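Everything below concerns the one structure shown next.
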Amino acid sequence: MKVMKLGSKPDAFQADGSCVRYISSELPTDVVINVDDMKFHLHKFPLLSKSSKLQKLVSKANEENSAEIQLPNFPGGPTAFEICAKFCYGITVTLNPYNLVSARCAAEYLEMTEDIEKGNLIKKIEIFLNSSILRSWKDSIIVLQTAKALMPLSENLKVVNRCVESIACKISVDPSLITWSYTYNRKLATSDQIISEKTEFAPKDWWIEDICELDIDLYKKVMVGIKSKGRVPSGLIGEALKTYAVRWLPDSVDLLLSEDQIQINKSLVETIICLLPSDKGIISCSCSFLLKLLKVAILIGADDSYRDDLIKIVGMKLDEACVSDLLIPGNSQNNTIYDVDLVQRLVDEFVKNENGKRDLKNVEEKNECDFVLGNGSWLRAGKVVDGYLSVVASDPNLTVASFVKLAESVPESARPIHDGHANLPKAERKTLCGLMDVKKLTSEGCMHAAQNEQLPLRVVVQVLFFEQAKASANNTSSPKQSRENWAKTGPTDMRKSLRMQLDDMKIKEDEQLVENGKHAKRGGKSRGSEPQLLPSRSRRIFEKLWIVGKGFGNGENKSSETFASSQSPASMVQQGQVKSSGSCSRHRRHSIS
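Once you know that position 563 of the sequence shown is 558 in this note's numbering, the rest is easy, because the numbers rise by one and skip nothing.
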């Protein structure tokens, strides 16, 4: 930290209580100057020799026969005035980055210019500011921070602008040319580590943490200055904005929306939205950060213009989003758990942006499918939307119209695969299906399960078994008795019922095969050699159910299911052919004899 000492005399200022300061001298004081609540008992001569303002005020006080001078709204307060008074007496004062701005503003207020005396206080402070402070990275930041409390005077004196320019220029320097120290706590650096001069090349983001300590208004000025230089990548600016948001936005919703903080947080969020960098129309910030920023903007009630701008930005990067980041709480108007309408707007913006790209490439409408499949952003966006739909589908307050509209917002060609778990291993399917109680399925659910080729065979058999049991119980008893009969109905009775149905089915199939054989005989050898159709899924299920039923209760269940599962459709057809052929032969021999 740079310092400058002025004057050489020892400090003769003393205090009398908490509100009186006087100078110890052989000569009695002849003027009282009031600064806020502090009274300074001083001498006119040293003060008037360096301050044009005090000359005017003392002259006016003499005309009014008053011994006191009032200095209302004095910049920097009593502390800054004491620095100026000591300078007038030649007493040693030390200027540093923390008191420089207040001393500069106080000297300006007292009109301590070169017109009164050469080498006056304003001149000396300006030399120190330009030659030392603004050449130092950290001192420039400190001075800029202290200037906030003295606005607009510090801004009128161009102290703020000069500090901003100094900081922006240093940030724009090639990192390999940096020769000053800076704070770097991020990533692999240890906490509160100070990187020494010239020990190593500085990382590209060396400056981010230091400027995070600035107030949002000053931070905005610095970021605007950085962007105007055009030397810092937009991605790095986006990282700086993210770090600043994490530094100042509270984690708790209660703190975020507290009465004394909500306006500050609102200003912070709106400023960050204004500063979002773009590289050829592409925002160089992660979609996750933008969605979190959008969530905060909605919570604190940011102006519609800022929210609309942010929605457009996020919409262009929707394909980079995560489903968890899209789960933004719904508003009280829709009564939905999550804000589906907001996601709909994001999807619409994405589609609009992607269609604009397609128009620029002059893609014909007939090649839309090829364009979507060749554009990875469409496929990624479709996956994100489908994942979001799978989460919000359980919301009872979500209307079907809203669900369908969101699902149809993404082109059909953006979903090349409609089964998200087509390659799920058999063991994992069994584990998932084990969570399902087939006795609690509705008729529609049973029908869907029986037709689902992805379900394990055991689950399908259980579904059909219990559905058959329900049907039998409903047909033989009243609704009140059905629950009692259901508990009494044992597996043996159910097997008998299913066995009788299977026997009837087989007899009918044998008769049909005999009839087909006769027709085939008349049709010639060529027609007789034609392969028969594969059995339907219903017949295959009942065949397997029959095998499971035979082994039920005697330890053959598992082996029977394994055997049935291992049979291919072709082998089942061959077995059916052999069996039916044998049956036909027996019938013919009986008729001949």
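Cβ coordinates follow ideal geometry from the N, Cα and C atoms, glycine included. These numbers come from a predicted model, not from an experiment.
Residue of the options minimising C-alpha distance to residue i
i, options, result
"G12", "F35, K81, L250, L313", "F35"
"E344", "K378, I308, I323", "I308"
"K261", "N469, S135, A297", "A297"
"V433", "V456, Q449, A422, T426", "V456"
"S397", "R340, T426, E439", "R340"
"T74", "A56, K55, C100", "C100"
"V338", "K312, S46, K352", "K312"
"T437", "L43, A466, S127", "A466"
"L37", "S54, S19, L52", "S19"
"E407", "R424, L374, A422, V395", "L374"
"S161", "D134, L152, E150, L105", "D134"
"L401", "K215, C269, V335, L251", "V335"
"C269", "K216, V248, S281, L43", "K216"
"I278", "D304, L294, I259", "D304"
"A10", "V248, E63, E77", "E77"
"S253", "A240, L294, K222, M218", "L294"
"L393", "E265, Q328, R424", "Q328"
"A62", "N29, P70, N469", "N29"
"G85", "L430, A7, V264", "A7"
C-alpha distance - residue i paired with residue j, whole-angstrom precision
i, j, result
"G310", "D212", "28 angstroms"
"A197", "A235", "16 angstroms"
"V543", "L452", "At V543 the pLDDT is 47, less than 50, meaning the model places this residue with poor confidence; the figure from the coordinates comes in the next sentence. Computed Cα separation, rounded: 11 angstroms."
"D110", "L271", "47 angstroms"
"K0", "E204", "31 angstroms"
"T178", "W201", "8 angstroms"
"G225", "K287", "27 angstroms"
"A144", "L209", "12 angstroms"
"V168", "S97", "30 angstroms"
"Q50", "P67", "16 angstroms"
"Q65", "V27", "9 angstroms"
"N330", "L129", "55 angstroms"
"S283", "I332", "20 angstroms"
"M107", "E58", "23 angstroms"
"S46", "S229", "49 angstroms"
"C428", "G233", "46 angstroms"
"Q449", "A422", "12 angstroms"
"K520", "Q446", "Low per-residue confidence applies at K520: pLDDT is 44, beneath 50, and the placement is therefore not dependable enough to give any value."
"C14", "M33", "5 angstroms"
"D246", "S404", "34 angstroms"
"K4", "E112", "19 angstroms"
"Y214", "N326", "32 angstroms"
"K(-3)", "A376", "54 angstroms"
"L231", "E315", "18 angstroms"
"R16", "P41", "16 angstroms"
"M218", "I166", "10 angstroms"
"K352", "V342", "15 angstroms"
"A163", "R157", "10 angstroms"
"N350", "A444", "40 angstroms"
"I206", "I136", "7 angstroms"
"V380", "V346", "12 angstroms"
"L250", "S44", "53 angstroms"
"S54", "C83", "18 angstroms"
"T266", "L148", "23 angstroms"
Range covered by the beta strand (DSSP E) that runs through residue i
i, result
"A163", "Unbroken run through A163 is the alpha helix (DSSP H), 154 to 166; no beta strand (DSSP E)."
"A10", "8 to 10"
"H443", "It is not in any beta strand (DSSP E) - H443 instead sits in the alpha helix (DSSP H) that spans 438 to 446."
"Y17", "15 to 18"
"M218", "Unbroken run through M218 is the alpha helix (DSSP H), 211 to 224; no beta strand (DSSP E)."
"N29", "26 to 30"
Range of the contiguous alpha helix (DSSP H) that encloses residue i
i, result
"L123", "Position check: residue 123 holds Phe in this sequence, whereas Leu was assumed. Residues 116 to 126."
"L401", "395 to 403"
"K307", "299 to 311"
"N329", "No alpha helix (DSSP H) contains N329, which DSSP labels as neither H nor E."
"V241", "229 to 243"
"L252", "No alpha helix (DSSP H) holds L252; DSSP gives it neither H nor E."
Legend entry - Three-pair Cβ contact test at 8 angstroms for the region 106 to 125 versus the region 164 to 177: no
Legend entry - Three or more C-beta pairs below 8 angstroms linking the region 371 to 386 and the region 311 to 326: yes
Inset, instruction - Say whether the region 86 to 97 touches the region 132 to 152, bearing in mind that this needs 3 or more beta-carbon pairs closer than 8 angstroms, one atom from each stretch. - result: yes
Inset, instruction - Could I get the ranges of all uninterrupted beta strand (DSSP E) runs contained in the region 39 to 116, with 3 residues as the minimum, in chain order? - result: 63 to 65, 88 to 90
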